[in-house]
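A quick write-up on the structure given underneath.
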Amino acid sequence: MAAATLSTHTNGAVLNPDDVLIDCKIEDLYYGKFKAVRDIALKIKKGTITAFIGPSGCGKSTALRCLNRMNDLVKGFRFRGHVIFRGQDIYKPSVDPVAVRRHIGMVFQQPNPFAMSIYRNVAFGLRLNRYRGPVGDKVEQALRGAALWDEVKDKLHSSGLALSGGQQQRLCIARAIATEPAVLLMDEPCSALDPVATHRIEELMKELKKKYTIAIVTHNLQQAKRVADMTAFLYVDTTQGGRTGYQVEYGPTEEVFENPKEKHTQDYLSGEFS
Amino acid sequence: MPPANDPAPSVLKSDLTAVELRDLEWSLRQPRSLFSFLMSMLTGAATIAALFPLFSVLYLLVQKGIAGINLAWFTDLPPAAMAEGGGFGNAIVGTFIIVSIATFISVPFGVFAAVYITEFGPDTRTAKAVRFAAKVLTGLPSILAGVFAFAVVVLATGGFSAPAAGVALALLMVPTILLTAEEAIKRVPPRMREAAVGMGATPTQVVGRVVIPTALPGILTGIMLAVARAAGETAPLLFTALFSEFWMSRSFPAFLPKTVGDLMKPTASLAVMIYNYSGSPFDNQIAMAWSAALALVVLVLFTNILGQALAKRTSSIR
Numbered sequence: 001m002a003a004a005t006l007s008t009h010t011n012g013a014v015l016n017p018d019d020v021l022i023d024c025k026i027e028d029l030y031y032g033k034f035k036a037v038r039d040i041a042l043k044i045k046k047g048t049i050t051a052f053i054g055p056s057g058c059g060k061s062t063a064l065r066c067l068n069r070m071n072d073l074v075k076g077f078r079f080r081g082h083v084i085f086r087g088q089d090i091y092k093p094s095v096d097p098v099a100v101r102r103h104i105g106m107v108f109q110q111p112n113p114f115a116m117s118i119y120r121n122v123a124f125g126l127r128l129n130r131y132r133g134p135v136g137d138k139v140e141q142a143l144r145g146a147a148l149w150d151e152v153k154d155k156l157h158s159s160g161l162a163l164s165g166g167q168q169q170r171l172c173i174a175r176a177i178a179t180e181p182a183v184l185l186m187d188e189p190c191s192a193l194d195p196v197a198t199h200r201i202e203e204l205m206k207e208l209k210k211k212y213t214i215a216i217v218t219h220n221l222q223q224a225k226r227v228a229d230m231t232a233f234l235y236v237d238t239t240q241g242g243r244t245g246y247q248v249e250y251g252p253t254e255e256v257f258e259n260p261k262e263k264h265t266q267d268y269l270s271g272e273f274s
Numbered sequence: 275m276p277p278a279n280d281p282a283p284s285v286l287k288s289d290l291t292a293v294e295l296r297d298l299e300w301s302l303r304q305p306r307s308l309f310s311f312l313m314s315m316l317t318g319a320a321t322i323a324a325l326f327p328l329f330s331v332l333y334l335l336v337q338k339g340i341a342g343i344n345l346a347w348f349t350d351l352p353p354a355a356m357a358e359g360g361g362f363g364n365a366i367v368g369t370f371i372i373v374s375i376a377t378f379i380s381v382p383f384g385v386f387a388a389v390y391i392t393e394f395g396p397d398t399r400t401a402k403a404v405r406f407a408a409k410v411l412t413g414l415p416s417i418l419a420g421v422f423a424f425a426v427v428v429l430a431t432g433g434f435s436a437p438a439a440g441v442a443l444a445l446l447m448v449p450t451i452l453l454t455a456e457e458a459i460k461r462v463p464p465r466m467r468e469a470a471v472g473m474g475a476t477p478t479q480v481v482g483r484v485v486i487p488t489a490l491p492g493i494l495t496g497i498m499l500a501v502a503r504a505a506g507e508t509a510p511l512l513f514t515a516l517f518s519e520f521w522m523s524r525s526f527p528a529f530l531p532k533t534v535g536d537l538m539k540p541t542a543s544l545a546v547m548i549y550n551y552s553g554s555p556f557d558n559q560i561a562m563a564w565s566a567a568l569a570l571v572v573l574v575l576f577t578n579i580l581g582q583a584l585a586k587r588t589s590s591i592r
C-alpha cells in the first residue's frame, strides 16, 4: 500500500531486473570554490550492492550523497552532471529533493536514532508519508527486515538511544526500510561498530538486496569484497592544486579486485600507496 | 628543593634522568600542597558565604511568615486594618492570571524566534540582530518594561489591567525564553537532523518532529526560569496591574474570571501586595505581607526546581 503510493514517479516505465535504476554522472562538483569531485559515471542496477572504495578524501561520501541530494544541505554546493533515477533526472529544477529522499533512503556512519522510542523511530517515516494503514504491522515488518525484531520486541516503547551501537544501526536501517524506498544508501555504516555487529549488518545487506538496491561507502576493502556486486574505486587527484576525487575504475567487484585495469587501483588494493 | 640534611628515602632518584622527583608522602610543608589546601579552603568559604544570604532570607521568611498559617490565606481577601484573619487568595489568582497571560504571549515569540535563528537563518543579519537585542533585553530594568506597557496598553485601553501586566512581564520573559531555547536547540545532535532530512522530512517536519521534541526539556526549563522570574516582579506591575483588594469576579472559587471584561480592571498580585502591605502602619497587614512573601518564594522556588528537574532530563538524552 505504502509502496504503491510511494512509487508514483516511475513514469509508467516497466523495469525488468536488469534495468538500470540509477544512472549517475558527475562531471564536476564544487563546495564553494573547492572542486571536490569530478568525472564519476556509473550505472547502478536494480537489486545489486554497489560499493564505493578509495582513500580518505576521495569523495566517496560526496558521490553517495549526490544520489539522494543530501549535498543540497551543504552551503556552496554546485553540481554539473545528472542522476537519473527511474528515468527522471533528480537534479531537474522541477524535482523536489524531499520527495527524492523518500525514494532513496539513507543510513549514516554514526548510528543516529531519534531521541524517541524504538517504535516511534521506525514509524517516523510512515508518519511523514501519512501512512494510514496498520502502523504496528509495518513497524514489526521493518524491524524483522533489519534483523532486530527478536531483540527489541519486548521493549518497543523504550528509547532507541538505549540500544547498543550495532542495534542502533540496525534500528536506523529498520527506520529507513519502513517506507520501502527503492534504494538504500549506506555511508560507512559499520565504521562505528565492532566486528560482530559489522558481520550482522553485512549479512543483513545481502538479505536486503533481494528487495532493495544498495549503494555503500566503505573504508573496509574486505567488506566491499564480501558484499558488493559492483565496485567503484575513487582516487584523489592532487595535480591541479586542490584535492579532487575522481573515479578510477568501476566494474564487477571480482574484476576490480582480481584483475584491476588501472595502476592506481592495483596499488591501492595491494596496500601500496603512491 | 628537598630539605638539605634529610637523609635517603625521602628523595627518590629517578633511574633514568638526573631530575630529582619529590617523595610520595603528602605534606603541607610542600609549598604546592599548602597552596592547594589553602585555595580549597578559600573556595569552600566563598561557597558558604554565597549561600548564607539565601538561607538567611529563607529563614527570616519562614520565621516571620509561617505564623498563623491556615487555609484562609489561600481563600480569603486581604484583611482590613486591624481586622482578624484574612488572606491573599485574590493575589494568588491574580499572579497566576498575569503570569499565564505573559507566558501565552512570550512562549510563541521566544520559541519561534529561537527556531528561526538556529534552524533557518543562523548566519543572517536578522539572526545576529535578534540575538544581540535579546542579550540587551535580558538586562532591561524591569521598571522600563512596566513603563512601556503603561504607554502601549494602559493608555490605549484606558485603564490598569491584567493583560497590561501580562505584556510587561512578557517583555521580560521573551529574551530568557529565546536564549535558553536557542541553546537547547543547538544541543540537538546534528546527526538527528541529518537522519530526518535523509528520511525525506521537509524543513518544517525536521523542526516540528525532531528538533523541537528533542530540545523540549531544555525549552521548558527556559520557560520555567522565565516564569519564576516574572512571578516575582513588582515594578512592572505597579504601572500596569496596580492592585485590587477584591476578587476578579464574584464567583467563587475565582480561579478564572467570568468574562474578559473582568480582566480589564486593576488586578491583585502577590508581589504588589507585599509592596503595599509591608509599608502599612498596621501590624496585621505587615504580618500578611510576610506570609504573602513566603507564599511567593515557595511558589518561585517550586517553579525553579521543576525547571532544574527538566534540565536534568535534557542532559540524559545525549
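First to last, the protein sequences are chains G and D.
Residue numbers 1 to 274, in this note's numbering, belong to the letters of the first sequence in order.
Residue numbers 275 to 592, in this note's numbering, belong to the letters of the second sequence in order.
Beta carbons: idealized from backbone N, C-alpha and C, even for Gly.
Bear in mind that the values here come from a model prediction, so they are computed numbers and not experimental data.
So Thr-476/D contacts chain G; which residues on that side make the cut at Cβ distance below 8 Å?
Counted from its first residue, the second sequence places residue 476/D at position 202. Neighbours of Thr-476/D on chain G, chain order: Val-98.
Determine which residues of the segment 477-495 of chain D have a Cβ less than 8 Å from any Cβ of chain G, and write them out in chain order.
Gln-479, Arg-483, Val-484, Pro-487, Thr-488
Shortest alpha-carbon distance to Val-428/D belongs to which of Pro-449/D, Phe-309/D, Met-538/D?
Sequence index remark: in the second sequence, residue 428/D carries index 154 (1-based). Selected option, being the one with the closest Cα: Met-538/D.
Secondary structure at Ser-274/G, three-state DSSP: helix, strand or coil?
Indexing the first sequence from 1 puts residue 274/G at position 274. Reliability of the predicted coordinates at Ser-274/G is poor, the pLDDT of 43 falling under 50, and the value obtained from them is presented with this limitation in mind. Here Ser-274/G sits in coil by DSSP.
Using the beta-carbon of each residue, which ones in chain D are nearer than 7 Å to Gln-110/G?
Here residue 110/G refers to the residue found at position 110 when the first sequence is read from its first residue. Going along chain D in sequence order, the residues near Gln-110/G (Cβ under 7 Å) are Arg-465.
Residues near Gly-351/G by beta carbon distance below 6 Å, same chain, minus five either side:
Absent from the structure is residue 351/G, since the part of chain G shown begins at 1 and ends at 274.
Residue range of the beta strand (DSSP E) that Thr-231/G falls in?
Within the first sequence, the letter at position 231 stands for residue 231/G. 230-237 is the span of the beta strand (DSSP E), which, as asked, contains Thr-231/G.
Relative to the alpha-carbon of Glu-188/G, which residue among Asn-220/G, Pro-93/G, Ala-182/G has its alpha-carbon at the smallest distance?
On the first sequence, residue 188/G is found 188 positions in, with the first residue counted as 1. When only C-alpha atoms are compared, the closest one is Asn-220/G.
Taking three-plus beta-carbon pairs below 8 Å as touching, is the segment 241-259 of chain G in contact with the segment 197-215 of chain G?
no
Of the residues Ser-56/G, Val-152/G, Asn-68/G, the one placed nearest Val-98/G, counting alpha carbons only
Counting from one through the first sequence, the residue named residue 98/G turns up at place 98. Of Ser-56/G, Val-152/G, Asn-68/G, the residue nearest in Cα terms is Asn-68/G.
By the criterion of Cβ-Cβ separation under 8 Å, what are the contact partners of Ala-585/D in chain C?
Protein chains G and D are contained in the structure displayed, whereas chain C is not.
Hey, Val-227/G and Ile-49/G: beta-carbon distance below 7 Å or not?
Here residue 227/G refers to the residue found at position 227 when the first sequence is read from its first residue. Here residue 49/G refers to the residue found at position 49 when the first sequence is read from its first residue. In contact: Val-227/G and Ile-49/G (Cβ atoms closer than 7 Å).
Between Ser-158/G and Asn-129/G, what straight-line distance do the alpha-carbon atoms span, to the nearest angstrom?
Start at 1 with the first residue of the first sequence, and residue 158/G comes out as number 158. Start at 1 with the first residue of the first sequence, and residue 129/G comes out as number 129. For Ser-158/G and Asn-129/G, the distance between alpha carbons rounds to 24 Å.
Going by DSSP, what residues sit across from Tyr-250/G in a beta bridge?
Here residue 250/G refers to the residue found at position 250 when the first sequence is read from its first residue. Answer by DSSP bridge pairing, in chain order: Ala-232/G.
Let me confirm a value: Lys-33/G is counted as buried when at least 16 other C-beta atoms fall within 10 Å, else exposed. Which label applies?
As a position in the first sequence, residue 33/G is number 33, starting the count at 1. By the neighbour-count rule (16 or more Cβ atoms within 10 Å), Lys-33/G is not buried but exposed.
So is Pro-437/D buried or exposed if we call it buried at 16+ other beta carbons inside 10 Å?
Mapped onto the second sequence, residue 437/D falls at position 163. Buried, because 16 or more other Cβ atoms sit within 10 Å of the Cβ of Pro-437/D.
Alpha carbon to alpha carbon, how far is Leu-29/G from Val-83/G?
As a working note, residue 29/G is residue 29 in the first sequence. As a working note, residue 83/G is residue 83 in the first sequence. Their backbone Cα atoms lie some 13 Å apart in a straight line.
Can you find a CB in chain D that lies within less than 7 Å of the CB of Arg-101/G?
Reading the first sequence from its first residue, position 101 is the one you call residue 101/G. At least one chain D Cβ lies under 7 Å of Arg-101/G.
If you check the beta carbons only, do Met-547/D and Phe-362/D fall under 7 Å apart?
Looking up residue 547/D in the second sequence gives position 273. Looking up residue 362/D in the second sequence gives position 88. Yes, they are a contact pair.
Return the Cβ separation of Leu-295/D and Ala-387/D in integer angstroms, given the expectation that the two are a contact with Cβ distance under 8 Å.
Start at 1 with the first residue of the second sequence, and residue 295/D comes out as number 21. Start at 1 with the first residue of the second sequence, and residue 387/D comes out as number 113. Not quite, the Cβ-Cβ distance comes to about 58 Å (not below 8 Å), so this is no contact.
For the alpha helix (DSSP H) holding Thr-317/D, just list the boundary residues, first then last.
Your numbering for residue 317/D matches position 43 in the second sequence. Segment 305-339, the alpha helix (DSSP H) holding Thr-317/D.
With contact counted as at least three CB pairs below 8 Å, one residue from each stretch, are the segment 485-496 of chain D and the segment 575-587 of chain D in contact?
yes
Exposed or buried, what is Phe-85/G when buried is set at 16 or more other beta-carbons lying within 10 Å of its beta-carbon?
Sequence index remark: in the first sequence, residue 85/G carries index 85 (1-based). The residue in question, Phe-85/G, is buried, as its Cβ has 16 or more Cβ neighbours within 10 Å.
Within chain D, the residues that Phe-124/G reaches when beta carbons sit closer than 9 Å
The residue you call residue 124/G lines up with position 124 of the first sequence. Those are Ala-469, Ala-470, Met-473, Ala-475, Arg-483, Val-484, listed as they occur along chain D.
C-beta neighbour in chain D for Leu-128/G, strict 7 Å:
If you number the first sequence from 1, residue 128/G lands on position 128. Yes, Leu-128/G counts as interfacial toward chain D.
Does the segment 146-161 of chain G come close enough to the segment 104-120 of chain G that 3 or more CB-CB pairs lie under 8 Å?
yes
Tell me the DSSP secondary structure of Ile-49/G in three-state form.
On the first sequence, residue 49/G is found 49 positions in, with the first residue counted as 1. In the structure shown, Ile-49/G sits in a strand (DSSP, three-state: E or B).
At what residues does the beta strand (DSSP E) containing Cys-24/G begin and finish?
Sequence index remark: in the first sequence, residue 24/G carries index 24 (1-based). Residues 20-31.
Counting beta carbon pairs with one atom in the segment 565-581 of chain D and one in the segment 332-348 of chain D, are three or more of them shorter than 8 Å?
yes
Note down the Cα distance separating Leu-73/G from Thr-239/G, rounded to an integer number of angstroms.
For the purposes of this step, residue 73/G is identified with residue 73 of the first sequence, where counting begins at 1. For the purposes of this step, residue 239/G is identified with residue 239 of the first sequence, where counting begins at 1. For Leu-73/G and Thr-239/G, the distance between alpha carbons rounds to 28 Å.
Using DSSP bridges, identify the partner residues of Phe-362/D.
Against the second sequence, residue 362/D aligns to sequence position 88. Per DSSP, none; premise fails for Phe-362/D.
If you pair each beta-carbon of the segment 381-398 of chain D with each one of the segment 440-456 of chain D, do three or more pairs fall below 8 Å?
yes
To the nearest angstrom, report how far apart Leu-316/D and Gly-553/D are at their CA atoms.
Working through the second sequence from its first residue, we reach residue 316/D at position 42. Working through the second sequence from its first residue, we reach residue 553/D at position 279. Looking at the two C-alpha atoms, the distance is approximately 40 Å.
Pair within 7 Å by beta-carbon distance, Arg-127/G and Ala-146/G:
Along the first sequence, read from residue 1 onward, the residue named residue 127/G stands at position 127. Along the first sequence, read from residue 1 onward, the residue named residue 146/G stands at position 146. It is not a contact, given that the beta carbons lie outside the stated cut-off.
Between Thr-80/G and Ile-372/D, what straight-line distance do the alpha-carbon atoms span, to the nearest angstrom?
Position 80 of the first sequence holds residue 80/G. Position 98 of the second sequence holds residue 372/D. According to the sequence shown, residue 80/G is Arg rather than Thr. Looking at the two C-alpha atoms, the distance is approximately 59 Å.
Is the CB of Ala-174/G under 7 Å away from at least one CB in chain D?
Here residue 174/G refers to the residue found at position 174 when the first sequence is read from its first residue. Chain D contact via Cβ: absent.
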